[in-house]
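Participant: Count the sequence shown with UniProt numbering and you get residues 1 to 354, in order. C-beta: ideal position from N, C-alpha, C; glycine also. Since the structure is predicted, the reported quantities are computational estimates derived from the model, not experimental observations. Below is the structure I would like to discuss, written out as structure tokens.
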Amino acid sequence: MDWNRFGELTQLPGVPGAEGEVREYLQREIGKSTDEKVQDRLGSLFGVQRGESESPRVMVAGHMDEVGFMVTRITDQGFIKFQTLGGWWGQVMLAQRVEVITEDRKRIPGVIGSMPPHLLNDERRKKPVEVTEMFIDVGADHREEVEKWGIQPGDAIVPVCPVVEMEGGNRLMTKAVDNRFGCALSLELLEDLKDHAHPNTVYAGATVQEEVGLRGAVTAAQRVNPDVFFAVDVGPAGDTPGVKDGFGEVGKGVVIRLVDRSMVPLSGMRRFLVETAEEEGIPYQFFVSQGGTDAGAVHKTGTGVPSAAVGICARYIHSHAAVVDREDIVQAKRFLTAVVRRLDEKQLSRIRGE
């Protein structure tokens, strides 16, 4: 696993609709494994590795975008009002650092403003702050100063959290694990398949605008026209205090989703994934989620595409800082490569129940 590349990917800014820097990075990295690329008009991008057969056409996707914000208004006093992009809970946002990304890609630091307890009465202390009441302070005195710096409505705003190796070396903390993890694994897959036989044609890369409704997955699937699809994504961990059963645990291996609000995988697909993990000696765990992945969109395209979501668990996703386990990522890479190398026409027929 290329940990430097994983870290670089997490630090790129890429909110829904503004994934350009991530896409450019993927363009360069994909080019190290294959000269053949496919891109749709919204910006989803895939590298192609042709194996021993044209079919099945296997599509594997992370998603480029991360949860973030968008500038909606600049006040006369120079504060920035904003809109969330993706699912946020207001209680994780106050006093957190952000960067505003201007049109010329300048990164302007800021902080989501918060009120110190000294200024709060008893009623305000008990009441959560609504996102509509929040603002970002970029250190300006007035609107004209903010505009001079190049900030304007529509600009992207991203969380700030550098890559941190936690004590013991097994865990990493960073922003945008969801889902630069999937982007990184798609690149690793293209590299792994470059020098190994596989009985199919693989399209591996990343979609756009997943966090705002699985939008890029729809156009990407129409462009690729896959026979089978795998969303490589991160799910919320359930191993912290106060979380109910049904979620996976960090450090316990690959996550296989049984069901989420966007899709129920075919029973043949579930059997195939479990058989692969067990025969390869890869630790795995089942996962039930109220969220969704790109598989929820792709499986409904065309005449139907057998799909699944695989990946890892992370603590504190959809916030500024997430925590993941290195070994989970290594095992997810092994699992993804094994799944793809086993997927021939006969296996696809089994998955379909034919």
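List the DSSP bridge partners of G110.
Facilitator: One-based indexing of the sequence shown puts residue 110 at position 110. G110 pairs with V98.
Participant: Buried or exposed: which applies to F286, given that a residue is buried once 16 or more other Cβ atoms fall within 10 Å of its Cβ?
Facilitator: In the sequence shown, residue 286 corresponds to position 286, counting from 1. Label assigned to F286: exposed.
Participant: Return helix, strand or coil for I313, following the three-state DSSP convention.
Facilitator: If you number the sequence shown from 1, residue 313 lands on position 313. For the sequence presented, residue 313 should be read as Cys rather than Ile. Correct three-state label for C313: strand.
Participant: Look at the alpha carbon of D35 and the alpha carbon of E99, and state the distance between them as a whole number of angstroms.
Facilitator: Position 35 of the sequence shown, counted from the start, is the residue given in the question as residue 35. Position 99 of the sequence shown, counted from the start, is the residue given in the question as residue 99. Whole-angstrom Cα-Cα distance: 34 Å.
Participant: Residue 356 to L343, Cα distance in whole Å?
Facilitator: Look at the range of the chain in this structure, 1 to 354, and you will see that residue 356 is not part of it.
Participant: Where does M70 sit, in a helix, a strand or coil, going by DSSP?
Facilitator: Along the sequence shown, one-based indexing puts residue 70 at 70. Three-state DSSP puts M70 in a strand.
Participant: Under 7 Å Cβ to Cβ from Q91, same chain only, skipping five residues before and after it: list those, please.
Facilitator: Against the sequence shown, residue 91 aligns to sequence position 91. So the list reads P128, once near-sequence residues are dropped.
Participant: Give me the residue from G7, M64, I317, T84 with the minimum Cα distance to T207.
Facilitator: Taking the sequence shown and counting its residues from 1, the one referred to as residue 207 is at position 207. For T207, the nearest C-alpha among the options comes from M64.
Participant: Evaluate the contact criterion for the region 214-231 versus the region 34-51: three or more CB pairs, one atom per stretch, below 8 Å.
Facilitator: Enough Cβ pairs lie closer than 8 Å, so yes.
Participant: Compare the Cα-Cα distances from R97 to each of Q83, P162, Y284, P226 and report the closest residue.
Facilitator: Here residue 97 corresponds to residue number 97 of the sequence shown, with the count starting at 1. Closest by alpha carbon: P162.
Participant: On the DSSP letters alone, give me the boundaries of the beta strand (DSSP E) that R261 sits inside.
Facilitator: In the sequence shown, residue 261 corresponds to position 261, counting from 1. Segment: none, R261 is in no beta strand (DSSP E) and carries neither H nor E.
Participant: Return the chain-ordered list of same chain residues with a C-beta closer than 6 Å to the C-beta of E211, the five sequence neighbours on each side being excluded.
Facilitator: Taking the sequence shown and counting its residues from 1, the one referred to as residue 211 is at position 211. If we look at E211 and ignore the five residues flanking it on each side, its Cβ neighbours are P16, D65, V67, G86.
Participant: Quick one: grab the DSSP three-state call for I329.
Facilitator: For this step, residue 329 is matched to residue 329 along the sequence shown. Helix at I329.
Participant: Quick check on DSSP: helix, strand or coil for L189?
Facilitator: Taking the sequence shown and counting its residues from 1, the one referred to as residue 189 is at position 189. Reduced to three states, the DSSP call for L189 is helix.
Participant: Suppose the cutoff is 8 Å on Cβ atoms and the five residues either side in sequence are ignored; what does the same chain contact list for E191 look like?
Facilitator: By 1-based counting over the sequence shown, the position of residue 191 is 191. Closer than 8 Å at Cβ, skipping near neighbours: K32, S33.
Participant: Please classify E144: does DSSP put it in a helix, a strand, or coil?
Facilitator: Here the question's residue 144 lines up with position 144 in the sequence shown. Three-state DSSP puts E144 in a helix.
Participant: Could you tell me how far apart the beta carbons of residue 379 and V340 are, in whole angstroms, since I believe they sit closer than 8 Å?
Facilitator: In the structure as shown, the chain starts at 1 and stops at 354, and residue 379 therefore has no counterpart that could be examined.
Participant: On the CB-based measure, 16 or more other CB atoms within 10 Å of its CB, does Q290 come out buried or exposed?
Facilitator: Position 290 of the sequence shown, counted from the start, is the residue given in the question as residue 290. With fewer than 16 Cβ atoms within 10 Å of its Cβ, Q290 is classed as exposed.
Participant: Just how far apart, CA to CA, sit S53 and E279?
Facilitator: Reading the sequence shown from its first residue, position 53 is the one you call residue 53. Reading the sequence shown from its first residue, position 279 is the one you call residue 279. Each residue's Cα considered, the two are about 24 Å apart.
Participant: Expressed to the nearest angstrom, what Euclidean distance is found between the alpha-carbon atoms of A237 and V288?
Facilitator: Taking the sequence shown and counting its residues from 1, the one referred to as residue 237 is at position 237. Taking the sequence shown and counting its residues from 1, the one referred to as residue 288 is at position 288. Spanning the two alpha carbons is a distance of roughly 11 Å.
Participant: Between the region 240-256 and the region 192-200, do at least 3 Cβ pairs fall closer than 8 Å?
Facilitator: Flag = no, the region 240-256 and the region 192-200 do not touch.
Participant: Taking the straight line between their C-alpha atoms, what separation do you get for V138 and A321?
Facilitator: Position 138 of the sequence shown holds residue 138. Position 321 of the sequence shown holds residue 321. Approximately 21 Å between the Cα atoms of the pair.
Participant: Determine the DSSP secondary structure at I80, reduced to helix, strand or coil.
Facilitator: On the sequence shown, residue 80 is found 80 positions in, with the first residue counted as 1. I80: strand per DSSP, three-state reduction.
Participant: Does the beta-carbon of D122 have 16 or more other beta-carbons within 10 angstroms, so that it is buried, or is it exposed?
Facilitator: Taking the sequence shown and counting its residues from 1, one reaches residue 122 at position 122. Exposed is the call here.
Participant: Need the endpoints of the alpha helix (DSSP H) that A217 sits in, please.
Facilitator: The residue given as residue 217 occupies position 217 in the sequence shown. Per DSSP, A217 belongs to the alpha helix (DSSP H) from 215-224.
Participant: Is V202 near the ligand HEM - that is, is its Cβ less than 7 Å away from at least one heavy atom of it?
Facilitator: Among the ligands in the structure shown, none appear at all, so the ligand HEM cannot be discussed.
Participant: Roughly how many angstroms lie between the CA atoms of R326 and V131, to the nearest whole one?
Facilitator: Residue mapping note: residue 326 aligns to position 326 of the sequence shown, counting from 1. Residue mapping note: residue 131 aligns to position 131 of the sequence shown, counting from 1. Taking the straight line joining both Cα atoms gives about 34 Å.
Participant: Along the chain, where does the beta strand (DSSP E) that runs through V233 open and close?
Facilitator: In the sequence shown, counting from the first residue as 1, residue 233 sits at position 233. In the sequence as presented, Val is not what sits at residue 233; that position holds Asp. Where D233 is concerned, the enclosing beta strand (DSSP E) stretches over 228-236.
Participant: Can you tell me where the beta strand (DSSP E) with L172 in it begins and where it stops?
Facilitator: The residue given as residue 172 occupies position 172 in the sequence shown. 171-174 is the extent of the beta strand (DSSP E) around L172.
Participant: For Q152, which three-state DSSP category applies?
Facilitator: Here residue 152 is taken as the residue at index 152 of the sequence shown, counted from 1. Reduced to three states, the DSSP call for Q152 is coil.
Participant: Which runs of the beta strand (DSSP E) at least 3 residues long sit entirely within the region 2-81? Give them in chain order.
Facilitator: Complete beta strand (DSSP E) runs here, min 3: 37-39, 45-50, 57-63, 68-74.
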